Amino acid sequence: MPDRPQIRVITAADLDAVIRLAASVPEAPRWPRSSWEVYLSESDPPRQIFLAESDRELTGLVAGQMIGDICELESIAVTPTHRRSGAATALLAALVAWAGQHGASKVQLEVRSANNSAIGFYENAGFSRDGLRLRYYHDPEDDAVLMTLSLEPPPQP
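This is how it looks when you write it as structure tokens:
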């Protein structure tokens, strides 16, 4: 069993490894290098990528951005050999915490309707299904299930 994953923010030194990871995991985005580079600088809207490492190996990533008071989870991907190690849960928790620090009222995502394990993962994390985008995905064609996690407002002083 792999070590418990360590979660950290992406740095410029990670870029090549992140691109290799994304190319090796079918669920990861196939973004051009310039799209990954946007996450390395201050941007408007705020964006962030958290990385999971286990045994000094990059094993997963989560990418999100703020749109107003909504955090859009753009991608979460874990290498097949590190699935069910807690990496996805830890990555999601890091993004949710970051979203809360940036004033998000909720985290939203879309997931392939055929990806029952991902839908179950998100439901276990507190997300609810709240819509469907027909034929959103291609190769293969699939609908997108829209899911939302409502965040608690911070306590008032």
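Each residue of the sequence shown is one higher than the last, beginning at 12 in my numbering. Positions of the beta carbon are idealized from the N, C-alpha and C atoms, including for glycine. Please read these numbers as outputs of a predicted model, since none were measured by experiment.
Item	Value
contact_flag[the stretch 122–142, the stretch 41–59] where n(CB pairs < 8 Å) is 3 or more	no
Residue 12 - DSSP class collapsed to helix/strand/coil	Confidence at residue 12 is low in this model, with a pLDDT of 48, below 50, so the placement of that residue is unreliable and no value is reported for it.
6 Å CB neighbourhood of residue 161 in its chain, flanking five on each side removed	117
Whether residue 75 touches residue 110 by CB criterion (8 Å)	yes
For residue 66, three-class secondary structure by DSSP	coil
For residue 63, the nearest candidate out of 17, 124, 42 (CA to CA)	17
Residues that residue 112 bridges to, as DSSP identifies them	In DSSP, residue 112 forms no bridge with anything.
Three-state secondary structure assigned by DSSP to residue 22	coil
Residue 159 - DSSP class collapsed to helix/strand/coil	strand
Contact under 8 Å by Cβ, residue 96 with residue 39	no
Sequence-distant residues of its chain with Cβ nearer than 7 Å to residue 101 (five each side left out)	16, 18, 63
Residue 47 to residue 36 span [Cα, whole Å]	16 Å
Straight-line Cα distance separating residue 93 from residue 28	16 Å
DSSP state of residue 27 mapped onto helix, strand, coil	helix
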